[in-house]
Amino acid sequence: MSPAANMPVLEVKDLKKHFPVRKGLLRRTVGHVYAVDGISFSIGVGETLGLVGESGCGKTTAGRAVLRLIEPTSGSVQVGGTEIIGLSKSEMRPYRAQMQIIFQDPFGSLNPRMTAGEIVAEPLLVHGTGRRKERDEQVAALFARVGLRPAQMSNYPHQFSGGQRQRIGIARALALGPKLIVGDEPVSALDVSIQAQVINLLQDLQRERQLSYLFISHNLAVVEHISHRIAVMYLGRIVEYADTRSIFTNAQHPYTEALLSAAPVPDPAIRRKKMVLQGDVPSPVRPPPGCHFHTRCPYAVDRCRVESPPLREIAPGHQVSCHLR
Numbered sequence: 207m208s209p210a211a212n213m214p215v216l217e218v219k220d221l222k223k224h225f226p227v228r229k230g231l232l233r234r235t236v237g238h239v240y241a242v243d244g245i246s247f248s249i250g251v252g253e254t255l256g257l258v259g260e261s262g263c264g265k266t267t268a269g270r271a272v273l274r275l276i277e278p279t280s281g282s283v284q285v286g287g288t289e290i291i292g293l294s295k296s297e298m299r300p301y302r303a304q305m306q307i308i309f310q311d312p313f314g315s316l317n318p319r320m321t322a323g324e325i326v327a328e329p330l331l332v333h334g335t336g337r338r339k340e341r342d343e344q345v346a347a348l349f350a351r352v353g354l355r356p357a358q359m360s361n362y363p364h365q366f367s368g369g370q371r372q373r374i375g376i377a378r379a380l381a382l383g384p385k386l387i388v389g390d391e392p393v394s395a396l397d398v399s400i401q402a403q404v405i406n407l408l409q410d411l412q413r414e415r416q417l418s419y420l421f422i423s424h425n426l427a428v429v430e431h432i433s434h435r436i437a438v439m440y441l442g443r444i445v446e447y448a449d450t451r452s453i454f455t456n457a458q459h460p461y462t463e464a465l466l467s468a469a470p471v472p473d474p475a476i477r478r479k480k481m482v483l484q485g486d487v488p489s490p491v492r493p494p495p496g497c498h499f500h501t502r503c504p505y506a507v508d509r510c511r512v513e514s515p516p517l518r519e520i521a522p523g524h525q526v527s528c529h530l531r
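If you read the sequence shown in our numbering, its first letter stands for residue 207, the second for the next number, and so on.
Following this line, the structure appears as structure tokens:
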């Protein structure tokens, strides 16, 4: 097997995104929001990495920084072994085709003035792919593949249901034949029955096209179903990183344990011990010193309050950021 075959589709190293906080008439910078504060991960060919955590932990910012929809403060993002941080707009163009996104809101992400066919064809038009007839044929094929009728290409977004609109978003993401798709809570706005259909569609497409997914979600049941590996984020940092089975059967970080204990269990006969966290999530403008989680951790010791624990490997492929592990 060639070295290129083992190369990750996406490799992120020490990625940071800090938003300045400005006040006063002169709009002076008085602080920063540490939305993403030094995260690292990789995604292989045909693999799904689930990125989970509470609202405000930096998941969506991380996904958008990876795609350079917002510019990272620092760090490295490599696509197929090529560093894309620092590339100009023209240099980024071929990598834009390789990386696509499915947004959370299936209605807000679609232009209401464009037909569904025009929305899906837009990436092809922007990248100058094919002639009009070829584009129309390709869009019709994409509609059919995601479970829509080609006859619906002339309809507008408001004429579709929520699940159908998300299928349009998926078709648009597929148009340029990407290698990586970032799903930013792609099923959270849908009914549970529709969620299952969309998840099954994403998995089928992954098998067919060897797609890689960065799947951002707070729904652990969905993440468990679709992900090969999981990264757990808290206040801008990854606190645990392992394969899905290890996370759900052998979680090592107290925050991961708390997330799992809060997830509903479908069988009422199963009683799960609840781990209730004290206090609120600290502000990302003034994160606590040391381990960011120590203010809510039931096991915190003095060292946790002053020294930030590195993300270290405690078992093959299982990394944890905790002094007590």
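Note that CB positions come from ideal geometry on N, CA and C, so glycine has one too.
Reference residue i, options the options, closest by Cα
| i | options | result |
| --- | --- | --- |
| Gln416 | Gly230, Lys223, Glu253 | Glu253 |
| Leu255 | Gln284, Ser280, Leu216 | Leu216 |
| Phe225 | Leu231, Phe349, Val242 | Val242 |
| Ala395 | Ile325, Gly389, Gln310 | Gln310 |
| Ala327 | Glu277, Leu382, Pro278 | Leu382 |
| Ile432 | Thr450, Glu519, Ala379 | Thr450 |
| Phe247 | Leu465, His333, Ala268, Leu483 | Ala268 |
| Pro384 | Pro300, Arg502, His524 | Pro300 |
Buried/exposed call for residue i, threshold 16 Cβ in 10 Å
| i | result |
| --- | --- |
| Ser367 | exposed |
| Thr266 | buried |
| Tyr505 | exposed |
| His364 | exposed |
| Val352 | buried |
| Met207 | The pLDDT assigned to Met207 is 36, lower than 50, so where the model puts this residue is not dependable; a value taken from the coordinates is nonetheless given after this. Classification of Met207: exposed, given that the 10 Å Cβ count is below 16. |
| Arg413 | exposed |
| Ile245 | buried |
| Gln372 | buried |
| Thr462 | buried |
Beta-carbon proximity list for residue i, same chain, < 6 Å, skipping 5 on both sides
| i | result |
| --- | --- |
| Ala346 | Pro356 |
| Arg511 | Gly496, His500 |
| Ser280 | Lys222 |
| Tyr240 | His224, Gly442, Pro490, Pro493 |
| Leu386 | Val215, Leu216, Met305, Ser418 |
| Pro318 | Pro363 |
| Ser527 | Val445, Pro515, Leu517 |
| His459 | Val445, Glu446, Val526, Cys528 |
Start and end residues, alpha helix (DSSP H) containing residue i
| i | result |
| --- | --- |
| Ser514 | From DSSP, Ser514 is part of no alpha helix (DSSP H); its letter is neither H nor E. |
| Asp410 | 398–415 |
Same chain, Cβ closer than 7 Å to residue i, neighbours up to 5 away in sequence not counted
| i | result |
| --- | --- |
| Val251 | Val215, Gln416, Ser418 |
| Leu348 | Val326, Ala377, Leu380, Ala381 |
| His333 | Ala303, Leu382 |
DSSP bridge partner residues for residue i (one or two, in chain order)
| i | result |
| --- | --- |
| Tyr440 | Arg443 |
| Arg435 | Leu255, Asp449 |
| Lys219 | Ser282 |
Residues near residue i by beta carbon distance below 8 Å, same chain, minus five either side
| i | result |
| --- | --- |
| Pro209 | Any reading at Pro209 needs caution, since the residue's pLDDT is 37, under 50, leaving its predicted position unreliable; the model's value is listed next. Hits under 8 Å: none found. |
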